[in-house]
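Numbered by the UniProt record's numbering, the letters in the sequence shown go through residues 1 to 464 in order. For reference, the structure is listed below as structure tokens.
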Amino acid sequence: MTRLVQIRGTRTAPEPPMTAQELPATSELPGVAGPRVYVETLGCQMNEADSSLIVGQLAARGYVRVPDPATADVILLNTCAVREKAEERVYGRTSQLLRHKKDNPDLVFGITGCMAEHLRDKVQKQAPHIGLVAGPDSYRRIGSLVDRARAGERVVDVALDREETYDGLDGVPDDDGVSGQVTIQRGCDKFCTFCVVPYTRGRERGVAPREVLRQARQLAERGYKEIVLLGQTVNSYVWEDASFADLLRAIAALDGIERIRFTSPYPVDFTDPLIATMAELEKVCPYIHLPAQSGSDRMLTAMKRGYSRGEFVDLVGRLRAAMPDLALSTDLMVGFCGETEEDHAETLSLMREVRFDSAFMFRYSDRGITYAARKLQDDVPDEVKGRRLQEVIELQEQHTRASHHARVGKRERVLISGLSHRGDRVLGRTPRFQSVLLPLGTGSPGQTIEVAISATTGHSLIAS
């Protein structure tokens, strides 16, 4: 009989591995020694970085990552809870992966990440097949948690830790070996009314600059050419008297790193000194993901975004004045509580005014634990949300295609990352974060080459 173990502790030293007698036997797999773990990531780049951290901790415990869930002793699904569709995807994917338990009754299935908080109270009654639920601040202990789950306990560890930044821990990335991620900030203090992040990832805290630089140097030594700095509101980073601009300067000084990107910044945290630093540093890419959410002042106030439409547009102007070739992407939400047709029209007009190069677009969904879910009324009908979302998508499609067509005939410096999804082209990216398809045999991963852009698919550039 399994027993539910809820862990409420904060940072502790890793527990020693359980003995072979305490753990179930692993089935034999040629060339693989040790228990096998399959980790699948859903959601944002923060989750990708966390999966790397999880795999690193498990590797130190003797676990081996495998690419096929059918061969695993442990399956971990690293989840996102930001939007309803992400949550639905978790439930659907969980059902698909559970079929492997028929062939391996000892298989342990675990949920990690932001949805762990949602499952905390459901796991015992509604999800008996899930042996482990681990939140974003539990990964320092993930080895012992998995061991306990394999020994028959049903383990829940979703305690938030206002100090945990995983200082000193190394991940095992599953990436292209060209662009590497470094988390510089965890949690968020903005508390936008629609957002679950402060509740699922905790309060904002920065990673010490020495730790950020240690990880960046390590990536450079491994041959990575691009560093992507990650944080929920990455440009609000602060550590004692070190600012985000200071951190950019320090990373730009590292040998071997050719490009620096970051995501996601928050509009109100772009100071003039930061903008000047970005414009000055050649390694900082001329690309910013700048979440707008809405073009309506009334909606921005209801969302508690902390800026007006006019202030957002003014920021865009200052950024483009400092970096004339800047590419902008954004987040746009339709159907937030109380949104009228006039509010929606304001979002469309903002899109026409700014002309974002690309966008993540979605309809509002009630997340249960947010301020909006508790205090506001989700009163826009689903069919209206769907129609408004389609209008936003259609307009952005025009702008995205125009942005790509504007690059045809230009010469671009392209960082090669590998092969395209189909494997019939070489894939690279411009400093403006636009994908470029090149003929097979062009360059090699990690190499930066200059090419002439001859055509576009509307979503990718083509160099012949």
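Note that beta-carbon positions come from the ideal geometry of N, C-alpha and C, so glycine has one too. Since the model is a prediction, treat every value here as computed from it, not as a measurement.
Q. Taking C-alpha atoms, which residue in Met-333, Arg-432, Asp-246 and Ala-252 lies nearest to Cys-323?
A. As a working mapping, residue 323 is identified with position 323 in the sequence shown. Per the sequence shown, residue 323 should be read as Met rather than Cys. Nearest C-alpha to Met-323: Arg-432.
Q: For my contact list, Ala-327 and Lys-283 are in at a C-beta cut-off of 8 Å; report their separation, rounded to the angstrom.
A: The residue you call residue 327 lines up with position 327 of the sequence shown. The residue you call residue 283 lines up with position 283 of the sequence shown. That pair is no contact at about 16 Å.
**Q.** Whole-Å CB distance - Leu-169 paired with Gly-56, under 8 Å assumed
**A.** Taking the first residue of the sequence shown as 1, we reach residue 169 at position 169. Taking the first residue of the sequence shown as 1, we reach residue 56 at position 56. Contact flag correct, Cβ pair sits at about 7 Å.
Q | Cβ neighbour criterion (16 or more within 10 Å) applied to Lys-375 | A | On the sequence shown, residue 375 is found 375 positions in, with the first residue counted as 1. Residue environment analysis places Lys-375 among the exposed positions, since fewer than 16 neighbouring C-beta atoms fall within 10 angstroms of its C-beta.
Q: Would you mind stating whether Gly-110 and Ile-130 have Cβ atoms separated by less than 8 Å?
A: Position 110 of the sequence shown, counted from the first residue, corresponds to residue 110. Position 130 of the sequence shown, counted from the first residue, corresponds to residue 130. Yes; because the gap between Cβ atoms is below 8 Å, this pair is in contact.
Q.
Please give the ranges of any alpha helix (DSSP H) in the segment 284-326, keeping only runs that are unbroken, at least 4 residues long and fully inside the region.
A. 297-302 and 309-322
Q: Assuming Leu-77 and Arg-93 form a contact by the criterion Cβ under 8 Å, report the distance between their Cβ atoms to the nearest whole angstrom.
A: Locating residue 77 in the sequence shown gives position 77, where the first residue counts as 1. Locating residue 93 in the sequence shown gives position 93, where the first residue counts as 1. Confirmed, about 6 Å.
Q | Span of the beta strand (DSSP E) around Leu-53 | A | Sequence index remark: in the sequence shown, residue 53 carries index 53 (1-based). First-last for Leu-53: 45-60, but that is the alpha helix (DSSP H), not the beta strand (DSSP E).
Q. Does DSSP put Ala-134 in a helix, a strand or coil?
A. If you number the sequence shown from 1, residue 134 lands on position 134. It is a strand residue.
**Q.** Coil, strand or helix - Val-5 by DSSP
**A.** Here residue 5 corresponds to residue number 5 of the sequence shown, with the count starting at 1. Note that Val-5 scores a pLDDT of 41, beneath 50, so its modelled location is shaky and nothing firm can be said.
Q) How many angstroms separate the CA atom of residue 469 from the CA atom of Gln-398? A) In the structure displayed, the chain extends from 1 to 464; residue 469 sits before or after that span and is not available.
Q) Do the segment 239-247 and the segment 214-221 meet, that is, are 3 or more Cβ pairs less than 8 Å apart? A) no
Q | Ordered list of alpha helix (DSSP H) runs contained in the segment 139-182, each at least 4 residues | A | 142-150
Q: Quick one: grab the DSSP three-state call for Gly-113.
A: Position 113 of the sequence shown, counting from 1, holds the residue named residue 113. DSSP places Gly-113 in strand when its eight states are reduced to three.
Q. Taking contact to mean at least 3 C-beta pairs separated by less than 8 Å, is the segment 370-385 in contact with the segment 347-357?
A. no
Q: For my contact list, Gly-446 and Val-426 are in at a C-beta cut-off of 8 Å; report their separation, rounded to the angstrom.
A: Position 446 of the sequence shown, counting from 1, holds the residue named residue 446. Position 426 of the sequence shown, counting from 1, holds the residue named residue 426. About 12 Å separates the two Cβ atoms, so there is no contact after all.
**Q.** Counterpart residues of Ile-453 in DSSP-defined beta bridges
**A.** Taking the first residue of the sequence shown as 1, we reach residue 453 at position 453. In the DSSP output, where bridge partners are listed per residue, Ile-453 has Ala-463.
Q | Phe-312 vs Asp-331 beta-carbon contact at 8 Å | A | Mapped onto the sequence shown, residue 312 falls at position 312. Mapped onto the sequence shown, residue 331 falls at position 331. No, these two residues do not count as a Cβ contact at 8 Å.
Q. Do you know whose CA, among Gly-223, Leu-107, Arg-162 and Thr-271, lies nearest Glu-204's CA?
A. Residue 204 sits at position 204 when you count from the first residue of the sequence shown. The residue with the shortest Cα to Cα distance from Glu-204 is Arg-162.
(Q) Restricting to Cα atoms, I'd like to know which of His-289, Ser-308 and Leu-281 is closest to Arg-298. (A) Mapped onto the sequence shown, residue 298 falls at position 298. Ranking the options by Cα distance to Arg-298, first place goes to Ser-308.
Q | Three-way DSSP call (helix, strand, coil) for Asp-331 in this model | A | Walking along the sequence shown from the start, residue 331 turns up at place 331. DSSP, read as helix, strand or coil, puts Asp-331 in strand.
(Q) Pop quiz: Ile-449 and Val-408 are said to be a contact at Cβ under 8 Å. What is the actual Cβ separation, rounded to whole angstroms? (A) Residue numbering aside, residue 449 sits at position 449 when the sequence shown is read from its first letter. Residue numbering aside, residue 408 sits at position 408 when the sequence shown is read from its first letter. Not a contact, Cβ separation roughly 18 Å.
Q) Since Arg-387 is in the alpha helix (DSSP H), which residue starts that stretch and which ends it? A) Position 387 of the sequence shown holds residue 387. Unbroken alpha helix (DSSP H) run through Arg-387: 382-405.
Q. Taking DSSP as the reference, what is the three-state secondary structure of Phe-360?
A. As a working note, residue 360 is residue 360 in the sequence shown. Three-state DSSP puts Phe-360 in a strand.
Q.
Checking the sheet assignment: what are the DSSP bridge partners for Gly-206?
A. Reading the sequence shown from its first residue, position 206 is the one you call residue 206. Partner(s): Gln-185.
Q. For Gly-428, does the three-state DSSP call read helix, strand or coil?
A. Stepping through the sequence shown from its first residue, residue 428 is reached at position 428. Here Gly-428 sits in strand by DSSP.
**Q.** Bridge partner(s) assigned by DSSP for Gly-418
**A.** Taking the first residue of the sequence shown as 1, we reach residue 418 at position 418. Gly-418 pairs with Leu-427.
(Q) Counting C-beta neighbours from all protein chains within 10 Å, is the total for Gln-21 16 or more, i.e. buried, or is it exposed? (A) Your numbering for residue 21 matches position 21 in the sequence shown. Confidence at Gln-21 is low in this model, with a pLDDT of 43, below 50, so the placement of that residue should be treated as unreliable; the coordinate-derived value is given next. Its Cβ having fewer than 16 others within 10 Å, Gln-21 is exposed.
(Q) Rounding to the nearest angstrom, what Cα-Cα distance links Arg-120 and Ala-81 in this structure? (A) For this step, residue 120 is matched to residue 120 along the sequence shown. For this step, residue 81 is matched to residue 81 along the sequence shown. Each residue's Cα considered, the two are about 13 Å apart.
Q) Taking C-alpha atoms, which residue in Ser-138, Gly-335 and Val-234 lies nearest to Pro-291? A) On the sequence shown, position 291 is the one that residue 291 refers to. Per the Cα distances, Val-234.
Q. Assuming Phe-194 contacts Phe-336 under a Cβ cut-off of 8 Å, what Cβ separation, rounded to an integer in Å, is found between them?
A. Working through the sequence shown from its first residue, we reach residue 194 at position 194. Working through the sequence shown from its first residue, we reach residue 336 at position 336. At roughly 6 Å, the Cβ-Cβ gap stays under 8 Å, so Phe-194 and Phe-336 are in contact.
Q.
If you reduce the DSSP assignment to three classes, tell me which class Leu-376 lands in.
A. As a working mapping, residue 376 is identified with position 376 in the sequence shown. The answer is coil: DSSP assigns Leu-376 none of H, G, I, E or B.
Q) According to DSSP, which residues form a beta bridge with Asn-78? A) Your numbering for residue 78 matches position 78 in the sequence shown. DSSP, once it has assigned bridges, lists Thr-41 and Thr-112 as partnering Asn-78.
Q.
So if DSSP puts Arg-65 in a beta bridge, which residue, or which two residues, is it bridged to?
A. Mapped onto the sequence shown, residue 65 falls at position 65. The partner list for Arg-65 (beta bridge, DSSP) reads Val-37.
Q. Between Arg-401 and the rest of its own chain, which residues show a CB-CB distance below 6 Å, the 5 nearest in sequence each way excluded?
A. Reading the sequence shown from its first residue, position 401 is the one you call residue 401. Counting only Cβ-Cβ distances below 6 Å, and skipping sequence neighbours, we find Gly-458.
Q) Where does residue 485 sit, in a helix, a strand or coil, going by DSSP? A) No statement about residue 485 is possible, as the shown extent of the chain runs from 1 to 464 and does not include it.
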